[in-house]
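Participant:
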Amino acid sequence: MQKDGYVVCRDGISEGIYERLPDRYKDCPVRDTKGALILPGLVDLHIHAPQYTFRGLGMDLELLEWLNEHTFPEEAKYADIEYAKEAYGRFVEKLKYSATTRACIFGTIHVPATEYLMDLLEQSGLCTMVGKVNMDRNAPDPLTEQSADKSAYDTVEWVKDCLKRYRKTKPILTPRFIPTCTDALMENLKKIQMRYGLPVQSHLSENVSEVGWVQELCPGSEFYGDAYDRFGLFGADTRTVMAHCVYSGVQERRRMKENGVFAAHCPESNMNLSSGIAPVRAFLDEGIPTGLGSDVAGGSTEDLFAAMAHAIQASKLRWRLVDDTLKPLTAAESFYLATKGGGEFFGRVGSLEEGYEFDAVVIDDSAVSDREKAEISERLERLIYLSSESKITGKFAAGEEIFWR
Ligand code: GUN
Ligand code: FE
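Position one of the sequence shown corresponds to residue 424 (this note's numbering), numbered consecutively onward.
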């Protein structure tokens, strides 16, 4: 943390933070942020673009009922490209002007709609990984792909398109979760993963009835994560992020640590869908790479400052009510999760330190803190709780300006 300093970017990479601008930079263009906070861009490790349309609805349901009553009917609408254009237009506009610079995003099973989403994200300048969702069982007809082979074929065509078309928008394999993916589909996805060296995102150990269902579907698996690992879709040579991990026990966490599987902690979603409270302190203590996810629309907002506050609050409840050995998160720790913690999934991302990709947000917090008197750490803590009262005035991702106002 540096009061009234300079952060230097060259060719998309940070060259560090300085109290005074070193002479060697004297001819570089300078932007004056006028007392605003300059923070690393925030990283959303788990968000569903097509669910943006029904945020805040069905929050009296648990996961599996919520999927059937709200999520699947909504996602089916993205077969209609005109519907997708309108909905994704609104989603990307919102994400563009948020504090998020990086995100792992779920689309739907539909290739044209997912590519349209990726076109918009590419134009926005954000750095994202986006998944065409795979599901070939246990979903309503319009959302169940014809066969494992057809799902795999569509996925390969989509990946080939993406590799030609985008620079900042990368494909990520997205088997929705074990209940909607047959073994044959998972085998196909592993082949595609290896052929193109792709990362993977999915859901893990989120909700009590879901975990029970996976045990019934895969009686041979040692735990939920093992059902992915059997197909080589759980870290190790495959960069993997798993959302939730609320019920990840000792064995599952050990495998996540060994395989370097990232946990995307989504506290608001876990409360809304009555899923539970993830053992984030254990993830940190055990060295499991961890970041935050908004999980819209399980979570109602894409605002990752809200996710930071929720992560702190949830950890306090877990500590007080469930396990007093798991100390609550501090504000600094939750900020770490939303920046460097999740940023690592993208490489050297999530910090303004020298050598990191230059992702930055400029935030005018004058309505929240007295900028003359308050310490930077105090301003940051208040921003976590009062982000809606502050203004984001500029944003850069990988050194490119997204907006400035
Ligand atoms: N598990 C499978 N699909 C979903 C989804 O869309 N949202 C959440 N929160 N969990 C899931
Ligand atoms: Fe999710």
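Even for Gly, the Cβ is constructed at its ideal location relative to N, Cα and C.
Apart from the five residues on each side of it in sequence, which residues of its chain come closer than 7 Å, Cβ to Cβ, to residue 787?
Facilitator: Counting from 1 along the sequence shown, the entry for residue 787 is found at position 364. The answer, listed in chain order, is 459, 813, 814 and 816.
Participant: Buried or exposed, going by whether 16 or more other CB atoms sit within 10 Å of the CB of residue 501?
Facilitator: As a first step, residue 501 is located in the sequence shown; it is residue number 78 there, counting from the start. With 16 or more Cβ atoms within 10 Å of its Cβ, residue 501 is classed as buried.
Participant: Between 611, 675, 606 and 727, which has its C-alpha nearest residue 807's C-alpha?
Facilitator: The residue given as residue 807 occupies position 384 in the sequence shown. Nearest C-alpha to residue 807: 727.
Participant: From this set, 577, 640 and 709, which residue's C-alpha is nearest residue 604's C-alpha?
Facilitator: Position 181 of the sequence shown, counted from the first residue, corresponds to residue 604. The candidate whose alpha carbon is nearest that of residue 604 is 640.
Participant: Would you call the segment 735-746 and the segment 767-780 touching, i.e. three or more CB-CB distances under 8 Å?
Facilitator: Counting Cβ pairs under 8 Å, fewer than three are found: no touch.
Participant: Could you tell me whether the segment 679-691 touches the segment 650-658, using the rule of 3 or more Cβ pairs below 8 Å?
Facilitator: They touch, by the three-pair rule.
Participant: Measure the alpha-carbon distance for residue 667 versus residue 648 and round it to whole angstroms.
Facilitator: Locating residue 667 in the sequence shown gives position 244, counting from the first residue. Locating residue 648 in the sequence shown gives position 225, counting from the first residue. Whole-angstrom Cα-Cα distance: 12 Å.
Participant: May I have the straight-line CA-CA distance separating residue 536 from residue 596, to the nearest angstrom?
Facilitator: Translated into positions along the sequence shown, residue 536 becomes position 113. Translated into positions along the sequence shown, residue 596 becomes position 173. One C-alpha to the other measures close to 16 Å.
Participant: Buried or exposed, going by whether 16 or more other CB atoms sit within 10 Å of the CB of residue 505?
Facilitator: For the purposes of this step, residue 505 is taken as residue 82 along the sequence shown, with counting starting at 1. Counting Cβ neighbours within 10 Å, residue 505 comes out exposed, since fewer than 16 surround it.
Participant: Along the beta strand (DSSP E) that carries residue 667, what are the first and last residues, could you check?
Facilitator: Taking the first residue of the sequence shown as position 1, residue 667 is located at position 244. Per DSSP, residue 667 belongs to the beta strand (DSSP E) from 663-667.
Participant: For residue 442, is the classification buried or exposed, using 16 other Cβ atoms within 10 angstroms of its Cβ as the cut-off for buried?
Facilitator: One-based indexing of the sequence shown puts residue 442 at position 19. By the 10 Å Cβ count, residue 442 comes out exposed.
Participant: Should residue 559 be listed as close to the ligand GUN, given that the test is whether its C-beta is under 6 Å from any heavy atom?
Facilitator: As a position in the sequence shown, residue 559 is number 136, starting the count at 1. It does not: the Cβ of residue 559 is nowhere closer than 6 Å to a heavy atom of the ligand GUN.
Participant: So is residue 419 buried or exposed if we call it buried at 16+ other beta carbons inside 10 Å?
Facilitator: In this structure the chain extends from 424 to 828, so residue 419 is not present and cannot be described.
Participant: With the cut-off set at 7 Å, would you say residue 489 and residue 479 are in Cβ contact?
Facilitator: By one-based count along the sequence shown, residue 489 stands at place 66. By one-based count along the sequence shown, residue 479 stands at place 56. Against a cut-off of 7 Å, the Cβ pair of residue 479 and residue 489 comes out as no contact.
Participant: Would you say the segment 581-598 touches the segment 628-640, given that touching needs at least three Cβ pairs under 8 Å?
Facilitator: No, the segment 581-598 is not in contact with the segment 628-640.
Participant: Please enumerate, following chain order, all residues with a beta carbon closer than 6 Å to at least one heavy atom belonging to the ligand GUN.
Facilitator: Taken from the N-terminal end onward, the list reads 471, 486, 490, 494, 599, 600, 626, 629, 692, 718 and 721.
Participant: Run through DSSP, which three-state label would residue 436 get?
Facilitator: Here the question's residue 436 lines up with position 13 in the sequence shown. If DSSP states are grouped into helix, strand and coil, residue 436 belongs with the strands.
Participant: Decide if the segment 553-565 is in contact with the segment 508-519; the criterion is three or more beta carbon pairs, one per stretch, under 8 Å apart.
Facilitator: Segments in contact, no.
Participant: Quick test of the definition: if touching needs 3 or more C-beta pairs under 8 Å, does the segment 671-683 touch the segment 706-722?
Facilitator: Yes, they touch.
Participant: Should residue 666 be counted as a contact of the ligand FE given a C-beta to heavy atom distance under 6 Å?
Facilitator: The sequence position of residue 666 within the sequence shown is 243, counting from 1. For the ligand FE, at least one heavy atom lies less than 6 Å from the Cβ of residue 666.
Participant: With DSSP as the reference, label residue 794 as helix, strand or coil.
Facilitator: Stepping through the sequence shown from its first residue, residue 794 is reached at position 371. DSSP places residue 794 in coil when its eight states are reduced to three.
Participant: With residue 565 as the anchor, note down where its beta strand (DSSP E) starts and where it stops.
Facilitator: Locating residue 565 in the sequence shown gives position 142, where the first residue counts as 1. Looking at the DSSP string, residue 565 is not in any beta strand (DSSP E), and its letter there is neither H nor E.
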